[in-house]
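Before any comments, here is the structure.
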Amino acid sequence: MEPSVQSFWFSTPAEQGLIPCVDSIGDALRFAADLGSDDLVVLDLASGHFIDCNRSAHDRLGYSREHFLTLNPAAIQADAELADDLMHDQLRVMRQQPRGSFATRHRARCGASRDVSVSYQVLDLCGRLVALVSHRDRTELDTALRESSRLGSLLQEAERLTHVGSWELNHRTGELLWSNETYSIFNTAPELTAPSYRYFLQTVHPEDRSLVDATFQESFRTGRPYRIEHRLLLGDGLLKMVLERGRTTLGADGEPLTTVGTVQDISEQHEIQQRLERIAFVDPLTRLPNKAAAVRQLARLLRTAGSERGIALINLDLDNFQSINNSLGHEIGNQVLQAIGSCLRHLMRPDDWLARVGSDEFILLRPMAMADRHEALQWAEQIRRTLGNTPGMGTGLAVQPSASLGVALAPDHGTDPDTLLRCANTALMEAKQHGKNQLRHYTPEISLQLRERLELELSLGRAIDREQLRLFYQPQIERGGSRIAGAEALLRWRDQNGRMVSPNVFIPLAEKTGQIHTIGLWVIEEACRQLQAWHRQGLRPGKLAINISPLQLGAEHPSLSELLAGALSAYDLVPENLELEITETALLNNPERAGEQLRQLAESGFSLAIDDFGTGYSSLAMLHSLPLDKLKIDRFFVERLGNDDADLAIVKATIVMAKELGLMTLAEGVETAEQLRMLRNLGCDQFQGHLLGRPMPAEAFGALLGRAAAA
14 MEPSVQSFWF STPAEQGLIP CVDSIGDALR FAADLGSDDL VVLDLASGHF IDCNRSAHDR
74 LGYSREHFLT LNPAAIQADA ELADDLMHDQ LRVMRQQPRG SFATRHRARC GASRDVSVSY
134 QVLDLCGRLV ALVSHRDRTE LDTALRESSR LGSLLQEAER LTHVGSWELN HRTGELLWSN
194 ETYSIFNTAP ELTAPSYRYF LQTVHPEDRS LVDATFQESF RTGRPYRIEH RLLLGDGLLK
254 MVLERGRTTL GADGEPLTTV GTVQDISEQH EIQQRLERIA FVDPLTRLPN KAAAVRQLAR
314 LLRTAGSERG IALINLDLDN FQSINNSLGH EIGNQVLQAI GSCLRHLMRP DDWLARVGSD
374 EFILLRPMAM ADRHEALQWA EQIRRTLGNT PGMGTGLAVQ PSASLGVALA PDHGTDPDTL
434 LRCANTALME AKQHGKNQLR HYTPEISLQL RERLELELSL GRAIDREQLR LFYQPQIERG
494 GSRIAGAEAL LRWRDQNGRM VSPNVFIPLA EKTGQIHTIG LWVIEEACRQ LQAWHRQGLR
554 PGKLAINISP LQLGAEHPSL SELLAGALSA YDLVPENLEL EITETALLNN PERAGEQLRQ
614 LAESGFSLAI DDFGTGYSSL AMLHSLPLDK LKIDRFFVER LGNDDADLAI VKATIVMAKE
674 LGLMTLAEGV ETAEQLRMLR NLGCDQFQGH LLGRPMPAEA FGALLGRAAA A
């Protein structure tokens, strides 16, 4: 029986304490006295390699210290065929049980084997889990045990303590001998049961029975050792998990003589492992599988799909979920996530798979026939509509979360988890680029567009350091004649390839990525620097208008007021030198914060203008309540003057309303003399457009100011 008994574990729950922390391997040696050993090694539980040892440990096995520290426990196991399995078992138990002992056999470098008793203590070495392990020769003890009866009292006690039973099957007679602990594991007694291979198979769980029988029959036929974990289904529905190891001895004729094996009750370890699996692979809030489980399941589906099956992967992200958390609290947010998980379950087939993979992100998997892959988009559209049309998600809450979805298919878009997940995420990002409640199916063109956006984002982040940003200045002209009332500072970007990038492209990108704060500060400082330069030249540029992003207006640390004050101080300017242009969108995003900031800026002396007036949704009450100085009439209405009576009426009404509110008006996009004439007749105060001056570099605008002063 001895050849199959590779390891006996003796640790008990009472011995499993907290893992001690040590600062060095030297400190670890103070635990050696507790382990009581001459041979000591230190084992890294992550890599499974020896990282230190005393002289006795490597000398006894015939290795130099340098050679020994290149090895792992499998390299010194006596049974080479089972060495890796034994090492993984030992490492697994050490990670689960910080202190314990077991018996095994080691092989020296010369090939000689010896029985050893192994004791260990797991230690925390500066965040690195290691085991201080002692090896003690037990040859004399084993000799005595072998000389005693086969199932002597000492071995029975060892089996009882370790929950390891032993058995021997005589293939010639069919006799099966069980140790006392084996009877205990099978929940029976010698007087109640006559062991046989047939009886054993009847106790194996029906779902495991064919695999167990095939494993044993393979060993009976070839003599190769085996190792298998399986379930036992015993009387009264008692379920146990056991680990079986054994080896068959073949006769000269190749027929089996005896099979000797062990059976170990690992139910407790299995339950621990299942709990760890639940922790590692289950989202605690929704009780759905998590990202690690999703990747594992996707890999399994891809492995088993074959040539006739495909897989649909949907990456789903909730729109503006953070606003629910911010406005209603995380408890409500958690309820919404749980409700969404429940809602998605009702849209799934039995073989579909759902996981929560991020704060507000889910993944759905569906195996399907290759011919039915078009159904993936129908399924995704059903999900999108359902989430968007289920008020409160059944929670009774006043929330209506929508979702953006990206869809990828296997094998069309990838045959490994990383590629398929990346494609679905790319499609999701494309969906979110187009607003909320959107659905996109992956195409290679999307990847190209995304790559271009990422390259643009990276280039934009370096634009300031590479001095690629410049301000151009477009004059603003008074109504009475050609006097320059001021100018608008317009940002221009020439990238590393010399290409001019449209502000309509890079400004929204900067706002989306948060780079607008850095760029906006650069604009403020550069505009102030240029104003100071013109003043020192004796020029009178008037007010310089700077566009302010909604994100800048909403910033708190530092606030827009603080940034402006710092720039004005650095360049010896006053607030009256600047006009701040705010879009209607900035007022609508956070009206309370915007109103507070604008009042603070107005009190400091800054002029405030509403840009692109008429294209948003500003209320007249909002305009009346804010300390504004100017309305800028959008070019959309200006360019249609003379062609559309309705637009003429809108411009006229805007100018009249502004005068009633005490606000100046400025018309943008004045391109023709006829437009200028009509605007003057309507009473517009200032004008800006190509007819009066295109955006120009600082040098050209300075020259224009000089000519105006000399005229």
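All you need for my numbering is the position in the sequence shown, starting with 1, plus 13. Idealized CB from N, CA, C, for every residue including glycine.
Apart from the 5 residues on each side of it in sequence, C541 sits with its Cβ closer than 6 Å to the Cβ of A580, Y584 and L586 in its chain, given in chain order. Under the DSSP assignment, C66 falls in the beta strand (DSSP E) whose first and last residues are F63 to C66. Here the alpha carbon of V276 sits roughly 10 Å from the alpha carbon of E242. Nearest neighbour of D429 by Cα position, chosen from R316, P238, D478 and N193, turns out to be R316. Proximity of the stretch 374-388 to the stretch 321-335 meets the contact definition, three or more beta-carbon pairs being nearer than 8 Å. The criterion of a C-beta distance shorter than 7 Å is not satisfied by K643 and F626. Contact holds between the stretch 709-721 and the stretch 542-560, because three or more Cβ pairs, one in each stretch, are under 8 Å apart. DSSP places Q413 outside any alpha helix (DSSP H), giving it a letter other than H or E. Burial state of C139 is exposed, judged by a 10 Å Cβ sphere holding fewer than 16 other Cβ atoms. A straight line joining the alpha-carbon of G655 with that of N402 spans about 45 Å. The DSSP assignment places complete beta strand (DSSP E) segments of no fewer than 3 residues inside the stretch 87-137 at 112-120, in order along the chain. Take the alpha-carbon of V106 and the one of V135: they are about 11 Å apart.
Contact annotation: H283 and M254 have beta-carbon atoms nearer than 7 Å. Rounded to the nearest whole angstrom, the CA to CA distance from E458 to E465 is 11 Å.
With distances taken between CA atoms, Y133 lies nearest to V146 out of G124, A125, S126 and V146. In this structure, F519 is the residue among L84, C436 and F519 with its C-alpha nearest to the C-alpha of R475. Rounded to the nearest angstrom, the gap between the Cα atoms of L661 and L679 is 15 Å. The straight-line gap separating the alpha-carbon atoms of Y210 and T117 is approximately 27 Å.
In this structure, the CA atom of Y455 is about 7 Å from the CA atom of G419. For the set R122, Q109 and R291, the Cα lying nearest the Cα of H80 is the one of R122. In this structure, DSSP gives K449 a state outside helix and strand, which the three-state scheme calls coil. Collapsing the DSSP output to three states places Q509 in coil. N303 and N347 have their alpha carbons spaced roughly 16 Å apart.
Here L576 is not near E524, since their CB atoms are 7 Å or more apart. Residues S17, D92, E94, L95, S232, R258, G259 and R260 of the same chain have their beta carbon placed closer than 8 Å to that of P238, with the five preceding and five following residues left out of the count.
It is roughly 16 Å from the alpha-carbon of P208 to the alpha-carbon of R185. About 18 Å separates the beta carbon of D365 from that of L441, a gap too long to meet the 8 Å contact definition. Under DSSP, W180 shares a beta bridge with W191 and G274. Counting only runs of 3 or more residues that sit fully inside the stretch 302-336, the beta strand (DSSP E) segments are 322-331, in chain order. With at least 16 other beta carbons inside 10 angstroms of its own, I623 counts as buried.
R606 sits in a helix when the DSSP states are folded into three classes.
Straight-line measurement puts the Cα of F619 at about 25 Å from the Cα of E712. Linking L689 to A659 through their CA atoms gives a straight-line distance of about 18 Å. Contact between the stretch 262-277 and the stretch 335-347 is absent, with fewer than three C-beta pairs closer than 8 Å. Note that the C-beta distance between A615 and L566 is not below 7 Å. Contact between R369 and D296 is confirmed by a C-beta separation of about 4 Å, below the 8 Å threshold.
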